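Below is the structure:
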């Protein structure tokens, strides 16, 4: 059959190179993302940077295995919950003067904020890119 | 100092490559390399936090987004048939076909519409080639000029025909549209 431009398939469905490389790098990327998040308060890194590494992980996983086992909507709801917690945590701990009165909890507070920001950014960027892939006509199978 | 200069110059080179490359996929990859060099430069300028963010977002997420949106901009395969004349498949013939006026016009047409034309040479007969899934346009050399065969459902072929009617070509080109049934239509 002659394909028109909309259904041209220039690449095979699953690229073996991508599959093997991403499968090998997956745990290391996960480790790197959490390393960047957890060491953000005393070395370069932090919530946003680690979160974007986690988002790249989500997307890499989706490229290799284009299955919707995690619903976008659930990710979106979790992202909103983390956003609310990011707003609530400083209100409860910082603005109430708790950290000021107990300075030994300061690094724990920063760590907690980093983790919250990291998870929120990871989920948010992941949802944004996956929704883009889904609605921009790429559809359920997305191979580069 | 010297490392920074070299990095900046390489960044300029890749920025120019991004602008001037004709294939969009190549441009995206060059953009990713540019982004990686930017991250390295941030590292040299003692801003490691920015470097991490730039490396993750600039060369990771943005490249993926661009590649995903380029999926809507697919490769268009043009098959040139040398049916029954396998002695024709010499380098001289391939070069002659690639530099023919009409072929240049066709390639230019697809480039301008931001398709990526890809020319393949095949020894299939016309019938086989029309049934072959990854050929979008089949070109055969006739006694008088060349003929282009494609699906009657392809709107690109219609536009190509319009372009030949409006602008005209130096060589005889004759567009034949076949009623090939598409899957799922």
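Chains as they are written, first to last, in our numbering: chain A, 12 to 155; chain B, 52 to 236.
From the three backbone atoms N, C-alpha and C, an ideal C-beta is built for every residue, glycine too.
All values reported here derive from a predicted model rather than from experimental measurement.
TODO: Anything in chain B within Cβ reach of residue 156(A), meaning under 8 angstroms, just list it in chain order.
DONE: Given a span of 12 to 155 for chain A in the structure shown, any question on residue 156(A) remains unanswerable.
Task: 7 angstroms Cβ cut-off: residues of chain B touching residue 136(A) - done: Annotation: Cβ neighbours of residue 136(A) in chain B (cutoff 7 angstroms, chain order): 112.
- [ ] Use the C-beta contact count for residue 31(A): other C-beta atoms within 10 angstroms, 16 or more gives buried, fewer gives exposed.
- [x] So residue 31(A) counts as exposed.
TODO: Give the interface partners of residue 140(A) over in chain B, defined as CB-CB distance under 7 angstroms, in chain order.
DONE: Within chain B, the residues 112, 115 and 116 have their CB atoms less than 7 angstroms from the CB of residue 140(A), given in chain order.
Task: Burial state of residue 125(A) (16 or more Cβ within 10 Å) - done: Result: buried.
- [ ] Starting from residue 209(B), find everything on chain A with Cβ-Cβ shorter than 8 angstroms and list it in chain order.
- [x] Going along chain A, no residue has its Cβ under 8 angstroms from residue 209(B), so there is no contact; the nearest lies around 11 angstroms.
Open item on the list: Less than 8 angstroms between C-beta atoms, sequence neighbours within five positions excluded: which residues of the same chain meet that for residue 97(A)?
Closed with: These residues qualify, in order along the chain: 124, 127, 128 and 131.
- [ ] Less than 8 angstroms between the CB atoms is what I'm expecting for residue 229(B) and residue 202(B), so what's the real figure, rounded?
- [x] Sure, about 6 angstroms apart at Cβ, within 8 angstroms.
TODO: Take residue 38(A) and list the residues in its own chain whose beta-carbon comes closer than 6 angstroms to its own, dropping the five residues that flank it on each side.
DONE: Excluding its 5 nearest sequence neighbours in each direction, residue 38(A) has no C-beta neighbour in its own chain below 6 angstroms.
- [ ] Output, in sequence order along the chain, the residues in the stretch 24 to 50 of chain A whose CB is closer than 7 angstroms to any CB in chain C.
- [x] Considering every chain present, this structure includes no chain C. Its protein chains are A and B.
TODO: Would you tell me roughly how many angstroms separate the C-alpha atoms of residue 105(B) and residue 68(A), rounded to the nearest one?
DONE: Cα-Cα distance, rounded: 16 angstroms.
Open item on the list: Let me make sure I understand the geometry here. Which of 59(B), 115(B), 52(B) and 161(B) has the alpha-carbon closest to that of residue 79(B)?
Closed with: Just measuring C-alpha positions, the residue of 59(B), 115(B), 52(B) and 161(B) sitting nearest residue 79(B) is 115(B).
Task: Simplified DSSP state of residue 81(A), which is helix, strand or coil - done: The three-state secondary structure of residue 81(A), taken from DSSP, is coil.
Task: Buried versus exposed call for residue 21(A) [16 or more other C-beta atoms within 10 Å across all chains shown] - done: With a pLDDT of 36 at residue 21(A), under the threshold of 50, the predicted position of this residue should be treated as unreliable, though the coordinate-derived value follows. Around the beta carbon of residue 21(A), fewer than 16 other beta carbons lie within 10 angstroms, which makes this residue exposed.
Open item on the list: Contact between the stretch 50 to 67 of chain A and the stretch 85 to 103 of chain B is defined here as three or more beta-carbon pairs at a separation below 8 angstroms; is this criterion met?
Closed with: Enough Cβ pairs lie closer than 8 angstroms, so yes.
Task: Minimum Cβ-Cβ distance from residue 168(B) to chain A less than 8 angstroms - done: Taking 8 angstroms as the CB threshold, residue 168(B) stays off the interface with chain A.
Task: Range covered by the alpha helix (DSSP H) that runs through residue 71(B) - done: Element bounds for residue 71(B): 53 to 71.
- [ ] Could you tell me which residues DSSP puts in a beta bridge with residue 169(B)?
- [x] According to DSSP, residue 169(B) bridges with 128(B).
TODO: Measure the alpha-carbon distance for residue 81(A) versus residue 51(A) and round it to whole angstroms.
DONE: Straight-line Cα distance between these residues: approximately 28 angstroms.
Open item on the list: Strictly under 8 angstroms for the Cβ-Cβ distance: is residue 55(B) near chain A by that measure?
Closed with: Residue contact check for residue 55(B) against chain A: no CB pair falls below 8 angstroms.
Task: Contact with chain A by residue 212(B), beta-carbon distance below 8 angstroms - done: Using a CB distance cut-off of 8 angstroms, residue 212(B) does not count as an interface residue toward chain A.
- [ ] Quick one: which residues of the stretch 91 to 103 of chain B get their C-beta closer than 7 angstroms to a C-beta of chain A? List them in chain order.
- [x] Listed by position, the residues of the stretch 91 to 103 of chain B near chain A (Cβ gap below 7 angstroms) are 99, 100 and 103.
Task: chain B contact residues for residue 60(A), given Cβ-Cβ distances below 7 angstroms - done: Here the neighbours are 100, 103, 104 and 107.
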